[in-house]
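As given, the protein sequences belong to chains W and L, one line each in that order. For what it's worth, our numbering labels the leading residue of the first sequence as 149, then goes sequentially. For what it's worth, our numbering labels the leading residue of the second sequence as 2, then goes sequentially. Below you'll find the structure, written out as C-alpha cells, and then a few comments.
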Amino acid sequence: MAGGIVFGTLLAMGRLANLGPFSRVATAYVNLMRSIPLVMVILWFFLVIPLITGRPVGAERSALITFTAFEAAYYSEIMRAGIQSVSRGQVMAGQALGMTYWQSMGLVILPQAFRNMLPILLTQTIILFQDTSLVYAIGAKDLLKAAEIAGKNHNRPMEMYVFAAVIYFILCFTLSTMVKSLQRKIAIVR
Amino acid sequence: MIEIRNVSKWYGKFQVLTDCSSKVEKGEVVVVCGPSGSGKSTLIKCVNGLEPFLEGEILVNGTQVGDPKTDLPKLRSSVGMVFQHFELFPHMTVIENLTVGQVKVLGRTKEEARRKGADLLDRVGLKEFAGKHPGQLSGGQQQRVAIGRALAMDPICMLFDEPTSALDPEMIGEVLSVMQDLAREGMTMMVVTHEMGFARNVAHRVIFMDNGRIVEDTTKQEFFGTPRSERAQLFLSRILRH
Ligand SMILES: Nc1ncnc2c1ncn2[C@@H]1O[C@H](COP(=O)(O)OP(=O)(O)OP(=O)(O)O)[C@@H](O)[C@H]1O
Ligand SMILES: [Mg+2]
Numbered sequence: 149m150a151g152g153i154v155f156g157t158l159l160a161m162g163r164l165a166n167l168g169p170f171s172r173v174a175t176a177y178v179n180l181m182r183s184i185p186l187v188m189v190i191l192w193f194f195l196v197i198p199l200i201t202g203r204p205v206g207a208e209r210s211a212l213i214t215f216t217a218f219e220a221a222y223y224s225e226i227m228r229a230g231i232q233s234v235s236r237g238q239v240m241a242g243q244a245l246g247m248t249y250w251q252s253m254g255l256v257i258l259p260q261a262f263r264n265m266l267p268i269l270l271t272q273t274i275i276l277f278q279d280t281s282l283v284y285a286i287g288a289k290d291l292l293k294a295a296e297i298a299g300k301n302h303n304r305p306m307e308m309y310v311f312a313a314v315i316y317f318i319l320c321f322t323l324s325t326m327v328k329s330l331q332r333k334i335a336i337v338r
Numbered sequence: 002m003i004e005i006r007n008v009s010k011w012y013g014k015f016q017v018l019t020d021c022s023s024k025v026e027k028g029e030v031v032v033v034c035g036p037s038g039s040g041k042s043t044l045i046k047c048v049n050g051l052e053p054f055l056e057g058e059i060l061v062n063g064t065q066v067g068d069p070k071t072d073l074p075k076l077r078s079s080v081g082m083v084f085q086h087f088e089l090f091p092h093m094t095v096i097e098n099l100t101v102g103q104v105k106v107l108g109r110t111k112e113e114a115r116r117k118g119a120d121l122l123d124r125v126g127l128k129e130f131a132g133k134h135p136g137q138l139s140g141g142q143q144q145r146v147a148i149g150r151a152l153a154m155d156p157i158c159m160l161f162d163e164p165t166s167a168l169d170p171e172m173i174g175e176v177l178s179v180m181q182d183l184a185r186e187g188m189t190m191m192v193v194t195h196e197m198g199f200a201r202n203v204a205h206r207v208i209f210m211d212n213g214r215i216v217e218d219t220t221k222q223e224f225f226g227t228p229r230s231e232r233a234q235l236f237l238s239r240i241l242r243h
C-alpha cells in the first residue's frame with residue numbers, strides 16, 4: 149500500500165509535469181490498469197511473468213507486486229486531483245522563496261495534496277484491503293485462505309469464515325478510525 | 002538594481018506586455034499603477050522569473066533573468082515577493098512559514114532561522130502568533146506574516162503585487178505602515194498598488210501602465226502634479242475620488 153501511494157504519486161507527477169513521452173507512458177499505464185478488472189491483472193501477472201522470465205514467481209510475491217502496480221494507478225488519479233487542488237499561487241509562493249521544483253513539490257504541494265485527499269485515499273485503501281481476498285485466484289495466502297485452511301484443520305469451516313469476516317471488519321474499522329484521528333491532527337486550520 | 006529593457010510578452014496571440022522598459026535603483030521605491038488588466042502583475046512576476054517573457058531582457062543586480070543558464074531559484078531567494086492573496090503555507094504554523102525558506106533554501110540552521118523568524122514576527126507586531134496557523138489570522142495579520150516571510154530571506158529588493166487590495170479597509174493601514182517602515186529603512190521596492198496615499202508618502206517614482214505598455218514613468222512630484230497622459234489623468238481622478 150505504501151508502495152502504491154509512492155508509485156502512484158510519482159505517476160501523478162509524471163502526468164502533470166509535461167515530460168513529453170514520460171507523461172504519455174504514465175497516462176497510458178493508468179488508463180490501462182483502470183480499465184482491467186483486478187482479478188485479471190493478478191492472474192495474468194502470475195501466469196505471464198514466469199513465461200517471460202522462465203522462472204516461477206511465488207504466489208505471495210506475485211500478489212504483492214500486482215497490488216502495488218494496480219493500486220498505484222488508482223492512487224495516482226487521487227493524487228493528481230490532490231495536486232491540482234493546490235492553487236497556482238501556492239506554487240508561486242514556494243518558487244518565489246527560491247525553492248526548486250522538487251522542494252516546492254515536497255514542502256508545499258504534496259503535503260497539502262495529501263491532506264486534501266486523505267478521506268479518498270482512505271476509502272481506496274479499504275477497498276484495496278478487501279480486494280486482497282482476490283489473490284485467492286492464484287492460491288496465494290491471504291486472510292481468507294488462511295481462515296479456510298484453519299477451518300479445514302479444525303473441521304469448523306463456517307466459524308472460521310465468520311471469524312475472517314470479523315477480522316476484516318475490525319481491521320477496516322481500526323484503519324478508518326486511525327486515519328480520522330490522523331486527519332484531525334494534521335488538518336489544515338482554516 | 003532592477004533593469005527592465007524592452008520586454009514584451011504574449012499569452013498565445015494576446016500581447017500582455019509591449020516593449021516595457023524601466024529601472025529601479027538601489028534604495029528606490031517605485032509604485033506601479035494602472036487599470037485592471039493592464040499587465041502590472043505580469044510585469045512584476047517577470048522580474049523574478051515567475052512568468053517567462055519572450056522578448057527583451059531583465060537584469061536583477063546584474064543577473065539576466067531571462068537567460069536559461071541563470072540559476073532562477075537562487076535569484077528568487079534574494080528577491081522577496083508579497084502576493085495579493087498572501088499565499089502563506091496553510092499547513093505550516095506562522096513560524097514555520099518564516100523558517101522553511103531559510104532552512105531549506107539558504108541552508109541556515111533551525112535555531113538560527115527560528116531566531117531570525119521570531120525577530121521578524123516581533124518587527125511586524127505578531128510575536129504572540131508564532132505557533133498559530135495562517136487560517137487563524139486576519140487578512141492583515143496574514144499579509145504582515147507574508148512580508149516577514151519574504152524578509153527572512155534577507156532579500157536585496159522586494160516586489161509587492163497589490164498587497165492590500167484583498168484586505169478589509171480597516172486592515173490596510175497596518176500593512177501599509179509595515180511597508181512604509183521598510184521603505185524608510187532604504188529597502189529597494191517595486192510595489193503594484195492603487196494606494197495613492199502610500200505613493201505620495203514614500204514612493205520616489207510612479208509607473209503608470211495601460212494596455213500592457215508603460216505609459217508614464219516619472220517622479221512622484223511630476224506624476225501627482227501633471228500626469229502627461231490623458232489615461233493617467235482619468236485614472237487618477239477616478240482613484241482619488243474614492
Ligand atoms: N495565464 C494567463 N493566460 C492568458 N491571459 C492571461 C493570463 N494571465 C493574465 N492574462 C491576461 O493578461 C492581462 C494582464 O493581466 P495582469 O494580471 O498582469 O493584469 P493586472 O494589471 O495585474 O490587473 P489587476 O489589476 O486586475 O490585477 C489581462 O488581460 C489578463 O486577462
Ligand atoms: Mg494584478
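We put the beta carbon where it would ideally sit given N, CA and C, even for glycine. Keep in mind it's a predicted model, so treat the numbers as computed, not measured.
Annotation for Phe84(L): Asp162 place their beta carbon closer than 6 Å to its own, counting only its chain and skipping 5 residues before and after.
Annotated three-state conformation of Phe54(L) is coil, per DSSP. When DSSP reads this structure, Ile59(L) sits in a beta bridge with Ile5(L).
At least one heavy atom of ligand 2 is found less than 8 Å from the C-beta of Gln85(L).
DSSP places Gly118(L) in the uninterrupted alpha helix (DSSP H) bounded by Lys111 to Arg124. Distances from the CA of Val80(L) to each of Arg236(W), Ile318(W) and Gln243(W) were compared; the closest alpha carbon is that of Gln243(W). Annotation for Glu88(L) indicates a beta carbon at 8 Å or more from all heavy atoms of ligand 2. Between Ser9(L) and Leu55(L), the C-beta spacing is below 9 Å. When C-beta distances to chain L are compared with 8 Å, the residues of the stretch 244-274 of chain W below that value are Ala244, Leu245, Gly246, Met247, Thr248, Gln251, Leu255, Val256, Pro259, Gln260 and Arg263, in chain order. Excluding its 5 nearest sequence neighbours in each direction, Gln103(L) has C-beta neighbours in its own chain below 6 Å: Arg109, Ala114 and Ala153, listed in chain order.
In the three-state reduction of the DSSP assignment, Lys10(L) falls in the strand class.
Contacts with chain W at 9 Å (Cβ-Cβ) include Asn49(L). Within the model, the alpha-carbon separation for Val17(L) versus Val48(L) is close to 15 Å. Under a 10 Å Cβ-count criterion, Ile3(L) is classified as buried, with 16 or more other Cβ atoms of the shown protein chains found around its own Cβ.
In the structure shown, Gln85(L) adopts coil according to DSSP, grouped into three states. The straight-line gap separating the alpha-carbon atoms of Val256(W) and Val239(W) is approximately 7 Å.
Scanning its chain for C-beta atoms nearer than 6 Å, with the 5 sequence neighbours on each side dropped, one finds around Asn264(W) the residues Gly230 and Ser233, in chain order.
The beta carbons of Ile334(W) and Gln272(W) sit no closer together than 9 Å.
Rounded to whole angstroms, the gap between the alpha carbons of Arg332(W) and Ile148(L) is 29 Å. Taking C-beta separations shorter than 6 Å and ignoring five residues to either side along the sequence, Leu319(W) has no partners in its chain.
Using beta-carbon distances, Gly102(L) counts as an interface residue toward chain W, with a partner under 9 Å. Between the stretch 118-127 of chain L and the stretch 94-101 of chain L there are three or more C-beta pairs closer than 8 Å, enough to call the two in contact.
The Cβ-Cβ distance between Asn7(L) and Gly57(L) falls below 9 Å. The beta carbon of Lys133(L) is closer than 7 Å to those of Thr94 and Val95 in its chain, skipping five residues each way along the sequence.
In the structure shown, Lys24(L) falls within a strand segment according to DSSP collapsed to helix, strand and coil. The Cβ of Ala229(W) sits no closer than 9 Å to any Cβ of chain L. Under the DSSP assignment, Val48(L) falls in the alpha helix (DSSP H) whose first and last residues are Lys41 to Val48.
Nearest neighbour of Phe225(L) by Cα position, chosen from Gly136(L), Ala200(L), Gln142(L) and Asp211(L), turns out to be Ala200(L). Against chain L, the CB of Ile334(W) has a partner CB under 9 Å away; the residue lies at that interface.
Closer than 8 Å to some heavy atom of ligand 1: that does not describe the Cβ of Pro53(L). The contact set of Lys75(L) on chain W, defined by CB atoms closer than 7 Å, consists of Gly246 in chain order. Its Cα nearest to that of Val178(W), the residue Tyr222(W) stands out among Gly237(W), Pro267(W), Phe215(W) and Tyr222(W). Secondary structure note for Phe161(L): its beta strand (DSSP E) is the uninterrupted segment Cys158 to Asp162.
Listed as beta-bridge partners of Val234(W) by DSSP are no residues whatsoever.
Ligand 1 has no heavy atom closer than 8 Å to the beta-carbon of Lys14(L). For Ala151(L), the nearest beta carbon of chain W is closer than 9 Å to its own beta carbon.
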